[in-house]
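Below is one structure; the comments refer to it alone.
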Amino acid sequence: MSTNPSYAGPIDGQPEHPPPPQPNCPGNHGHTISRPTRVECRHDPVACTCRHCFAEITTQTSHKAGLYSWLLCLLICLAGCDLGCCCIPFCVNCSRDIVHTCPNCGKRIGVHKRL
Ligand SMILES: [Zn+2]
């Protein structure tokens with residue numbers, strides 16, 4: 001019986017240590033600056049990071065008469081309703097711009113314009 005001298009390779013037993021697992025959670029690390037992105041301003045308050053004070057906030061919305069209000073006013077005037085009807089666009093929220101402000105620092109985050 002010829003035993004096959006199968007060459008069992010040298011056992012350099014030391015398995016390489018895998019590199020220590022690095023926590024790679026975005027946003028969890030001090031390095032990763034969660035850059036305040038442009039806020040998608042909508043009708044409703046939006047949760048975002050304030051670009052002024054960098055706080056996690058939900059914007060406060062307020063309505064402001066904008067170009068759309070004036071245009072509607074003009075249209076109503078042209079239509080002949082001048083008995084105060086032209087003021088309606090300034091009272092109805094759906095025709096006004098929506099200003100998003102930070103409740104923390106009070107600065108303006110963005111404006112949702114009707115036009
Ligand atoms: Zn702020």
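According to full-length UniProt numbering, the residues represented by the sequence shown are 1 to 115, in order.
We put the CB at the ideal spot given by N, CA and C, even for glycine.
Query	Result
Quick check: what's the CA-CA separation for Leu67 versus Glu56?	31 Å
With hydrogens ignored, establish whether the beta-carbon of Asn104 is closer than 7 Å to any heavy atom of ligand 1.	yes
Does Cys48 come out as helix, strand or coil in the three-state DSSP assignment?	strand
Report the rounded CA-to-CA distance for His100 versus Lys113, giving the unit in angstroms.	11 Å
Kindly give me the distance between the Cβ atoms of Cys91 and Ile76, rounded to whole angstroms, as I take these residues to be in contact under 8 Å.	Incorrect: roughly 12 Å between the Cβ atoms, too far for contact.
Heavy atom of ligand 1 less than 7 Å from the Cβ of residue 120, yes or no?	Only positions 1 to 115 of the chain appear in the structure, and residue 120 is not among them; the question remains open.
Measuring straight from C-alpha to C-alpha, what distance separates Ile98 and Thr58?	14 Å
Taking the CB atoms as reference points, tell me whether Cys53 and Ile109 lie closer together than 8 Å.	no
With a threshold of 16 other CB atoms inside 10 Å of the CB of Pro89, please say whether the residue is buried or exposed.	buried
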